[in-house]
Amino acid sequence: MQTSSDRHEYPAHWEADVVLRDGGTARVRPITVDDAERLVSFYEQVSDESKYYRFFAPYPRLSAKDVHRFTHHDFVDRVGLAATIGGEFIATVRYDRIGAGGTPATSPADEAEVAFLVQDAHQGRGVASALLEHIAAVARERGIRRFAAEVLPANNKMIKVFMDAGYTQKRSFEDGVVRLEFDLEPTDRSLAVQYAREHRAEARSVQRLLQPGSVAVVGTGRTPGGVGRSILGNIRDAGYTGRLYAVNRAFPEDQKHLDGVPACRSVRDIDGPVDVAVVTVPAEQVPDVVTECGEHGVQGLVVISAGYADSGPDGRERQRALVRHARTYGMRIIGPNAFGIINTSPDVRLNASLAPEMPRPGRIGLFAQSGAIGIALLSRLHRRGGGVTGHTGVSTFVSSGNRADVSGNDVLQYWYDDPETDVALMYLESIGNPRKFTRLARRTAAAKPLVVVQGARHGGVAPQGHAVRATRLPHATVSALLRQAGVIRVDTITDLVDAGLLLARQPLPAGPRVAILGNSESLGLLTYDACLSEGLRPQPPLDLTTAASADDFHAALARALADDTCDAVVVTAIPTVGEGAAGDAALAQALRSAAAAVPTKPVLVVHVELGGLAEALSAAASTAPQAAPGAASHPAPDTAPHATPSPVEGPASGPPRPPGPPRPAAAPAQQPSAVRVPEGAHLIPAYPAAERAVRALGEAVAYAQWRRDAADPGKVPEYDDIDEKGAAEQIAGYLARGQGLTLGAQETCELLGRYGVRVHRALPAPTPDDAAAAARTIGYPVALKATAPHLRHRADLGGVRLDLADEEQLRRAYAELTELFGAPAELRPVVQGMAPRGVDTVVRAVIDPAAGAVLSFGLAGAATQLLGDMAHRLIPVTDRDATSLIRSIRTAPLLFGWRGSAPVDAAALEELLLRVSRLVDDHPEVVAVTLEPVVVAPHGLSVLGASVRLAPPPARDDLGPRTLPAY
654 MQTSSDRHEY
664 PAHWEADVVL
674 RDGGTARVRP
684 ITVDDAERLV
694 SFYEQVSDES
704 KYYRFFAPYP
714 RLSAKDVHRF
724 THHDFVDRVG
734 LAATIGGEFI
744 ATVRYDRIGA
754 GGTPATSPAD
764 EAEVAFLVQD
774 AHQGRGVASA
784 LLEHIAAVAR
794 ERGIRRFAAE
804 VLPANNKMIK
814 VFMDAGYTQK
824 RSFEDGVVRL
834 EFDLEPTDRS
844 LAVQYAREHR
854 AEARSVQRLL
864 QPGSVAVVGT
874 GRTPGGVGRS
884 ILGNIRDAGY
894 TGRLYAVNRA
904 FPEDQKHLDG
914 VPACRSVRDI
924 DGPVDVAVVT
934 VPAEQVPDVV
944 TECGEHGVQG
954 LVVISAGYAD
964 SGPDGRERQR
974 ALVRHARTYG
984 MRIIGPNAFG
994 IINTSPDVRL
1004 NASLAPEMPR
1014 PGRIGLFAQS
1024 GAIGIALLSR
1034 LHRRGGGVTG
1044 HTGVSTFVSS
1054 GNRADVSGND
1064 VLQYWYDDPE
1074 TDVALMYLES
1084 IGNPRKFTRL
1094 ARRTAAAKPL
1104 VVVQGARHGG
1114 VAPQGHAVRA
1124 TRLPHATVSA
1134 LLRQAGVIRV
1144 DTITDLVDAG
1154 LLLARQPLPA
1164 GPRVAILGNS
1174 ESLGLLTYDA
1184 CLSEGLRPQP
1194 PLDLTTAASA
1204 DDFHAALARA
1214 LADDTCDAVV
1224 VTAIPTVGEG
1234 AAGDAALAQA
1244 LRSAAAAVPT
1254 KPVLVVHVEL
1264 GGLAEALSAA
1274 ASTAPQAAPG
1284 AASHPAPDTA
1294 PHATPSPVEG
1304 PASGPPRPPG
1314 PPRPAAAPAQ
1324 QPSAVRVPEG
1334 AHLIPAYPAA
1344 ERAVRALGEA
1354 VAYAQWRRDA
1364 ADPGKVPEYD
1374 DIDEKGAAEQ
1384 IAGYLARGQG
1394 LTLGAQETCE
1404 LLGRYGVRVH
1414 RALPAPTPDD
1424 AAAAARTIGY
1434 PVALKATAPH
1444 LRHRADLGGV
1454 RLDLADEEQL
1464 RRAYAELTEL
1474 FGAPAELRPV
1484 VQGMAPRGVD
1494 TVVRAVIDPA
1504 AGAVLSFGLA
1514 GAATQLLGDM
1524 AHRLIPVTDR
1534 DATSLIRSIR
1544 TAPLLFGWRG
1554 SAPVDAAALE
1564 ELLLRVSRLV
1574 DDHPEVVAVT
1584 LEPVVVAPHG
1594 LSVLGASVRL
1604 APPPARDDLG
1614 PRTLPAY
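Numbering (the working numbering), first residue to last: 654 to 1620.
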């Protein structure tokens, strides 16, 4: 048990789990007086060379005085951290605060000397880099702003750790020692280095799970049936290329094999390394299995077993204990309550899941937090159900279950580098770290499409078993922010698959112009209408008539693709009576050959009950070998007819084994669906309804535009009149009065004014005489407004009187307001100068604890309050963001001359948005800003109302050291 040391309580919040460079994990925690024996044992395992580099002299063992010094810390001026695996030290780091001349010091001295020691067996794993991030964060918390380190010139590894960290530093050499000094304030480069290391480590941790050289299934029943036995069979039948083991403590001692697989009673009994263990035993037996796996050096666990956070509070605590236990040994976990993992790569062929059939190999990566949705996704991509073409394959599949450890963020890190994945499809029921997900999604979307459907959008609570950070943002706002990051956000599983098929098979469109051709006038018109609904620009449909032949389709498609005014083509087709499969194959070949001649434009097919055409169009989508004449009659694993398995029974606790997706029987070689398509042929997705095809195309068009825009994201402009220092001092003074407060009107105007945001002056008018005096001060004409909460921004209720030209009108208006709404004390009336007429808008900024700082814009009144017509961008906002923000709302035409009105001053509005963004970005203590209304005129704008709330900013873990979610 950890105890407190000399002066301060044990800082438990410094404890963290980290992913190392090779994908394993380690625990970082403060060193305490209880660690003397661990420290001595650790030091004994360090080589003489490493000891020499640490102490600049031979230092074979630690003295009692050394042990006391290195284990007794005050957690302020002297701090030591250790990286541990299995409870034992693998590395240490410490700092000692120093003053002038390098002597020990206390606060306010802001420099410290730092030193590392890493066990030789763990050097090269990125341990020192992770420890540097954590000790730097601790030092900043304790008021230390600069580290100094002395390193021998031959200690190149440690010099590289410091030099590569990305901090602002200087280097000197004297007395045979390299002296490094560096500031601890995060820089753009240090954050970039940190993110790059995070990416490599997390991607590698998932790679170890998806590309194992050996797998043990723990909990394989002795009799057929049961979850463990089924998964063992799925792995074996898929042709897994690595070593496979069956493990069950109930096996007889003389049993050596099970279903042709080596059998052992314990993971410890396996002769050789095990990379991944698939755990299917009941939840109460899992801790013993984790211990066995950890002691045997297993790298990761896929826990199928249920009975954790999915089963209530007791299960949630059991889940926390599971994660802590596994991380003790440096293992990562998929699950618990997971459906499993799949990797179709010919070098792996792993089906460690409850799916009874191996999906066809392909270029689509799938991630699902729900096992049931995972089944649906695999099934639809496997056979493209609902009459839509279906032979697009999967590269990898991960079902995270309760998502206790490995999450969608980790899988995104892996897919970003994976050359086998071109498109990523994700079903998410919750987003545990929206800020990180948005960052990773933006980077991934810049390289390959990322399509996301989110379940439980309106449930108000996270699914059982999911640890989710609280957010105050509505789902619509989160969705908008994901789209800003390049995520293709769809609403249904059907849309997810439709978009995925198009993006996996076709190039991105260069624009929204769509040509439509086909042999059905009605189907062409439906497609035309669907294009307009999706914001596309369709050309009039070309009707080829029902007498059109395959050659007619080829010629028409070739002409459309050659037309420079066309960016994509939708082909509509209805059956031709009497031609059957041969006609389908001919039409498919005609369309593919025409599309192949212009491979830069996407082609989609809308078909009506043309199963043969759908299969022919996609016949080459499978990367598996095609059936050849004279091939053996027994089916290959990925073309075998589907046999529905019986329901599973057995002792393992886990999700019930689902019926597998029906698999088409292997077609004879002479049938059209088995015709060999030349390598590189265009694969054309087909859809059973026009709206589905066009919806997928619309998403592709929007994504392609985002890719083009992302290449030039714009810049955050500098404004010479911004007083950042003065604002900081003002904010600090206000916060000294309390932890959170809403500023008064004068304070709000003063703070906003430091960022060039001028608020129209409003003077309180508690009596008619005060109102008259205020009007004389401001100058006529004026407005009289009630600012009571129930009347503020509600001109429709009559709480505002405008264009009051003199005192008589003002007093009459004052009397009317008090007569209608009550005493002045209730109304809180103010007098304000008239602003030029224009469009009333609202600008808001808020810092959300989960998503970060968000800037929002919309029109004031019913458009925002009733219709929710607001657009959102993450802060800091660039000039391009501001331009797109005001054009993203549905009511934007009102700003740009709708029905003959004068266009507003968009440049002034964009500048206001950028200034508010700068204020919130520069000062995270500004947790909320509302400007309402902002009247935007043809020339200039007027901010008529403003409020600012200050509070200590929410903790930003994206600026701190790398950590895994805490348990």
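Ideal Cβ placement from N, Cα and C applies to all residues, glycine included.
Residue i, enclosing alpha helix (DSSP H) - first and last residue
| i | result |
| --- | --- |
| Ala1157 | 1146-1158 |
| Ser782 | 780-794 |
| Met1487 | Per DSSP, Met1487 belongs to no alpha helix (DSSP H) and is neither H nor E. |
| Phe728 | Per DSSP, Phe728 belongs to no alpha helix (DSSP H) and is neither H nor E. |
| Gln1399 | 1398-1406 |
| Thr678 | Thr678 -> not in any alpha helix (DSSP H); beta strand (DSSP E) instead, spanning 678-683. |
| Ser883 | 880-890 |
| Leu1135 | 1128-1137 |
| Glu937 | Here Glu937 belongs to no alpha helix (DSSP H), and DSSP marks it neither H nor E. |
| Arg969 | 966-981 |
Among the options, nearest to residue i - alpha-carbon criterion
| i | options | result |
| --- | --- | --- |
| Arg707 | Asp773, Leu1416, Arg921, Leu1548 | Asp773 |
| Asp1063 | Glu1564, Leu863, Leu1480 | Leu863 |
| Arg691 | Ile743, His726, Ser716, Gln1392 | Ile743 |
| Pro664 | Thr1147, Val732, Pro940 | Val732 |
| Ala783 | Gly677, Val831, His1413, Ala903 | Gly677 |
| Gly947 | Leu1065, Arg857, Gly755, Gly740 | Gly740 |
| Ala802 | Leu1455, Arg793, Lys813 | Lys813 |
| Ser998 | Leu1508, Pro1014, Leu1597 | Pro1014 |
| Val1261 | Pro1012, Glu1344, Leu1480 | Glu1344 |
| Ala1239 | Ala1213, Arg921, Arg1136, Asp1205 | Asp1205 |
Alpha-carbon to alpha-carbon, residue j and residue i
| i | j | result |
| --- | --- | --- |
| Pro935 | Asn1055 | 16 angstroms |
| Ala1441 | Pro1482 | 8 angstroms |
| Ser1600 | Glu1585 | 9 angstroms |
| Pro1072 | Val1001 | 14 angstroms |
| Ala1488 | Ile1542 | 24 angstroms |
| Gly1040 | Leu1034 | Model confidence at Gly1040 stands at a pLDDT of 31, short of 50, so the residue's coordinates are unreliable; what they give is reported in the following sentence. When rounded, the distance between both Cα atoms is 12 angstroms. |
| His721 | Thr685 | 10 angstroms |
| Asn808 | Pro1160 | 51 angstroms |
| Ile1017 | Val1104 | 11 angstroms |
| Thr1621 | Asp1501 | Since the first residue of the chain shown is 654 and the last is 1620, residue 1621 is not available in this structure. |
| Ser658 | Val672 | Because Ser658 carries a pLDDT of 44, less than 50, the predicted location of this residue cannot be relied on, and no value is offered for it. |
| Glu793 | Phe1050 | Contrary to the premise, residue 793 reads as Arg rather than Glu in this sequence. Each residue's alpha carbon lies about 41 angstroms from the other. |
| Ala1529 | Ala899 | The residue you asked about is not Ala; residue 1529 is Pro in the sequence shown. Straight-line Cα distance between these residues: approximately 53 angstroms. |
| Ile1375 | Gln1383 | 14 angstroms |
| Gly1491 | Ala1516 | 16 angstroms |
| Ala1025 | Gly1236 | 38 angstroms |
| Trp667 | Pro1162 | 49 angstroms |
| Gln972 | Ala1057 | 7 angstroms |
| Pro1605 | Gly1393 | 7 angstroms |
| Asp907 | Thr933 | 23 angstroms |
| Thr724 | Arg889 | 51 angstroms |
| Asp1144 | Lys1254 | 26 angstroms |
Host beta strand (DSSP E) of residue i (start-end)
| i | result |
| --- | --- |
| Ala1226 | 1221-1226 |
| Ile1337 | That residue, Ile1337, is in no beta strand (DSSP E); it is neither H nor E in DSSP. |
| Pro1177 | Strictly speaking, residue 1177 in this sequence is Gly, with Pro absent from that position. Element bounds for Gly1177: not the beta strand (DSSP E) but the alpha helix (DSSP H), 1174-1186. |
| Phe742 | 741-751 |
| Ser1509 | 1505-1512 |
| Ile923 | Looking at the DSSP string, Ile923 is not in any beta strand (DSSP E), and its letter there is neither H nor E. |
| Lys823 | 822-827 |
Closer than 7 angstroms: residue i CB and nearest the ligand HEM heavy atom
| i | result |
| --- | --- |
| Leu1566 | This structure simply doesn't include the ligand HEM, nor any ligand for that matter. |
Cutoff 8 angstroms: residue i Cβ touching any chain B Cβ
| i | result |
| --- | --- |
| His1443 | Any reference to chain B falls outside this structure, which holds one protein chain only. |
Contact between the segment 1139-1157 and the segment 1172-1186: three or more CB pairs below 8 angstroms? no
Output the residue ranges of the alpha helix (DSSP H) runs that lie fully inside the segment 1519-1586 and measure 4 residues or longer, sorted by chain position. 1532-1540, 1559-1575
For the pair the segment 1191-1200 and the segment 1237-1251, tell me if three or more CB-CB distances fall below 8 angstroms. no
At least 3 beta-carbon pairs within less than 8 angstroms: the segment 1394-1404 vs the segment 1459-1467: no
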